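Peer 1: Just so you know, the protein sequences line up as chains U and Y, in that order. Under my numbering, the residue at position 10 of the first sequence is numbered 360, and the numbers go up by one with no gaps. Under my numbering, the residue at position 130 of the second sequence is numbered 480, and the numbers go up by one with no gaps.
2 protein chains.
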Amino acid sequence: MSSIKKKVTIKQIAEIAGVSFSTVAKALNDNKLVNIETRKRNIKIAEELGYYPNLLAASLRKKSTKTIGVILNDLTNPYYYETIQEIEYFLSSRGYTMILVDSNLNLDTENKNIITMLSKGVDGIIISLVSSESKNINIIIENKLKTVFIDVIPDIENICYVYVKHKLASFIATEYLIDNGHKNILLLSGPIQLTASNEFIKGHSKALRKHGIKINKSLILNNDISIDSTSKKLIDLYKDGSKIIRCTAILCISDLVAMGAYEAMKELGFSIPEDYSVVGYDNIFSSAYLGPPLTTIHSPKKRVGKISVNLLINQIENIESSERKKDLEPRLVERGSVRKIN
Amino acid sequence: MSSIKKKVTIKQIAEIAGVSFSTVAKALNDNKLVNIETRKRNIKIAEELGYYPNLLAASLRKKSTKTIGVILNDLTNPYYYETIQEIEYFLSSRGYTMILVDSNLNLDTENKNIITMLSKGVDGIIISLVSSESKNINIIIENKLKTVFIDVIPDIENICYVYVKHKLASFIATEYLIDNGHKNILLLSGPIQLTASNEFIKGHSKALRKHGIKINKSLILNNDISIDSTSKKLIDLYKDGSKIIRCTAILCISDLVAMGAYEAMKELGFSIPEDYSVVGYDNIFSSAYLGPPLTTIHSPKKRVGKISVNLLINQIENIESSERKKDLEPRLVERGSVRKIN
DNA sequence: TTGTAAGCGTTATCAA
DNA sequence: TTGATAACGCTTACAA
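1. Any chance the region 604-611 of chain U sits against the region 650-657 of chain U, with 3 or more Cβ pairs inside 8 Å?
2. Kindly indicate the opening and closing residues of the alpha helix (DSSP H) around residue 539 of chain U.
3. On a Cα-Cα basis, can you pick out the residue from Y:538, Y:673 and Y:510 that is closest to residue 487 of chain Y?
4. Against chain Y, which members of the region 575-593 of chain U pass a CB distance test of less than 7 Å?
5. Would you kindly check if the distance between the Cβ of residue 373 of chain Y and the Cβ of residue 384 of chain Y is under 9 Å?
6. For residue 352 of chain Y, which three-state DSSP category applies?
7. Rounding to the nearest angstrom, what Cα-Cα distance links residue 351 of chain U and residue 663 of chain U in this structure?
8. In three-state DSSP terms, what is residue 605 of chain U?
9. Of all Cβ atoms in chain U, is any one closer than 9 Å to the Cβ of residue 402 of chain Y?
10. What are the complete alpha helix (DSSP H) segments, minimum 4 residues, inside the region 651-687 of chain Y?
11. List, in chain order, every chain U residue whose beta-carbon is nearer than 8 Å to that of residue 615 of chain Y.
12. Contact criterion: CB-CB distance below 9 Å. Does residue 357 of chain Y meet it with respect to chain U?
13. Using a Cβ-Cβ cut-off of 9 Å, state whether residue 501 of chain U counts as contacting chain Y.
14. Return the bridge partner residues of residue 419 of chain Y from the DSSP annotation.
15. In this structure, what does DSSP give as the bridge partners for residue 572 of chain U?
16. Tell me, to the nearest whole angstrom, how far the beta carbon of residue 360 of chain Y is from that of residue 371 of chain Y; I am working on the premise that it is less than 8 Å.
17. For residue 452 of chain Y, go through chain U and note every residue whose CB falls closer than 8 Å to its CB, in chain order.
18. Is it buried or exposed, residue 624 of chain U, if we count other Cβ atoms within 10 angstroms and call 16 or more buried?
19. Taking the beta strand (DSSP E) that residue 632 of chain Y falls in, what are its first and last residues?
20. Report the residues of the region 517-529 of chain U with a CB closer than 8 Å to any CB of chain Y, ordered along the chain.
21. Using the three-state DSSP reduction, which class does residue 577 of chain Y fall into: helix, strand or coil?
22. What is the DSSP secondary structure of residue 509 of chain Y, counted as helix, strand or coil?
23. Say whether chain Y places a C-beta atom closer than 9 Å to the C-beta of residue 395 of chain U.
24. Use the C-beta contact count for residue 389 of chain U: other C-beta atoms within 10 angstroms, 16 or more gives buried, fewer gives exposed.
25. Are there three or more Cβ pairs, one per stretch, closer than 8 Å when the region 500-517 of chain U is compared with the region 473-489 of chain U?
26. So which of U:493, U:409, U:441 and U:579 has the shortest CA-CA distance to residue 660 of chain U?
27. Alpha carbon to alpha carbon, how far is residue 627 of chain Y from residue 559 of chain Y? Give it in angstroms, no decimals.
28. Between the C-alpha atoms of residue 353 of chain Y and residue 564 of chain U, what's the straight-line distance to the nearest angstrom?
29. Does DSSP classify residue 532 of chain Y as helix, strand or coil?
30. Out of Y:415, Y:590 and Y:461, which has the shortest C-alpha to C-alpha gap to residue 447 of chain Y?
31. Between residue 497 of chain Y and chain U, is there a C-beta pair that is closer than 9 Å?
32. Quick one: what does DSSP say residue 561 of chain U is sitting in, helix, strand or coil?
33. Spatial neighbours of residue 596 of chain Y within its chain, please: C-beta separation below 8 Å, excluding the five flanking residues on both sides.
34. With 9 Å set as the bound, which would you pick, yes or no: does the beta-carbon of residue 428 of chain U sit closer than that to a beta-carbon of chain Y?
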């Protein structure tokens, strides 16, 4: 009320209410042991004074902050945006709040981020690791930090994770291309040190094998997952007269990469899908609106968010649930970037 | 080291080091009053034990959490993604960390979010309000919460904000369309209660007036800022035989709205820019890759993030800086969605 | 039903 | 140069 008011605490409320501050504390927590009248009166006074609890103090005492950390390996990737939205949504509906940090694909930053979460006392984290084999995993385990891994999953017993089957994604995509008559498929995978890159290649190879198509290693490329680097790569390849251009389709490990392919084709004067068919992976927000709309493998990004929150909170609140691992399946979304040939 | 270790505190370090815990505390904070040797030794022990400070305790005592709250009115809007990235980046480079919450365009949720930030003791907030006239602003002011307003700015003395001139945006866009021969421009603005919607209309009208074009109120529409609702609206309008379709250009308050226009045109069998020219506003990530690439007014989303962090931290750390208000200018980005007519 | 008091893990003041 | 101690604002046994 007064304009020079200091932050109000339970002690001040206690003074006004004429009870001890511990009674106020109980009252504000709606403790049934406190007389209903006292409770009401204290709550009323608290409201009038504009009281809000100091959660730092409470957390210090209770050893629970009701906040969880979200550590992403690359916030720049639009892939994560939908997941973040869902995480925020479900977290808040469960009474939690989110600290969001970016590791910038850097192991040291990731390490720093994990320590920060520990220091700030989060109840748990949801993390997409920079690498599935980093030492940073040890910090998590040694400190018994409750965590759900998403996107990149370390190969460790008994961890809790939500995964999307990358191998299946490229398998589906490749079969789809084959069904549409494509035999010369250029595979644009990600950085070679990324587990996901290799899995994507495996699924692709598996589909080729299944259909009796010879695997041509020169048609499998590892490159950064970004529009610009993909576009540049493709243009360079073309200018160097690579035979890669004899392919009829391009399968990309990410819609971002597919967008890079779009850019390159535009630059080179080819059109999609007339000259080259393109299939992406992720189905990010914008893919449906590209010219032409991108045929892609949908990754259930929102479900990843929702489920990871559930797994994590169940862990934290010791809610009965044997589930600790979720492998989600991607699915084909047919749009306009693939042409049937024969 | 031991597998059943409890969280290590300065007391345990003190015991091992054979000094008092307060000496350890000073040592770990690199206090020069502590003997250099003691300092080194304590730090070494801390490292060996895998110590990390309990920031809850420190914050409670120091009254600073080194975390700032980011409260967005609609996390679902891709517009915010780049801003979030920048905020995270600059915050972390200044040693701060971010709590991110979504108000879902709901005043009660916004209120709850602000209280949460207060309770969690954030050092300040960056907020895009649900409404520029909400009572929630009072909570912020009464509690002297350091804040930077972005995107929607309340009309109040002496606040700190980063703004993008919406009026200028639509002015630029309209002039550009006029320069390209368009006189019948359909303006797709946002919800009528949004200040931004009105400013967008004002800038548009100003440009029309400047060029002696009569303002036709029936060509100004208020509608939700979303792809689907825009698309639906336009299709309905067309089917109802509205004369709106006699326009030659559509100016949209957001790229999202422009995307809705794209969808509608596709559905209706019109093509852009041949049949209708379209101009957007925001220049979100995907706009450059639409078919055709969207001509739009670029909003400096990243700069909003960067500057808001600077203004906020300067406030918090009492760094000399008279700046409290920043009005950023949008600029035209010509791409392929506008046709020159005569 | 209410109150006392200890404790959460730090920081910071003052004394030794 | 180091140590004792109070304090930050709350929760929670336990006592009254």
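Backbone N, C-alpha and C define an ideal beta-carbon position, used for all residues, glycine too. Given the structure is predicted, the values throughout are model-derived calculations rather than measurements.
Peer 2: Result, derived from the coordinates:
1. no
2. Taken as a continuous stretch (DSSP letters only), residue 539 of chain U belongs to no alpha helix (DSSP H), being part of the beta strand (DSSP E) at 535-539.
3. Y:510
4. none
5. yes
6. Unreliable positioning characterises residue 352 of chain Y in this predicted model, as indicated by a pLDDT of 38, which lies under 50. A coordinate reading is not provided.
7. For residue 351 of chain U, the predicted model reports a pLDDT of 40, less than 50, meaning its position is unreliable; a value from the coordinates is still stated below. Going by the C-alpha atoms only, they are around 38 Å apart.
8. helix
9. yes
10. 651-666
11. Those within 8 Å of residue 615 of chain Y in chain U number zero; the least Cβ separation is about 12 Å.
12. yes
13. no
14. Y:449 and Y:475
15. U:539
16. 5 Å
17. 435, 438, 439 and 442
18. exposed
19. 627-632
20. none
21. helix
22. coil
23. no
24. buried
25. yes
26. U:441
27. 21 Å
28. Note that residue 353 of chain Y has pLDDT 41, beneath the 50 cutoff, so the model's placement of it is unreliable and no number is given.
29. coil
30. Y:415
31. no
32. coil
33. 534
34. yes
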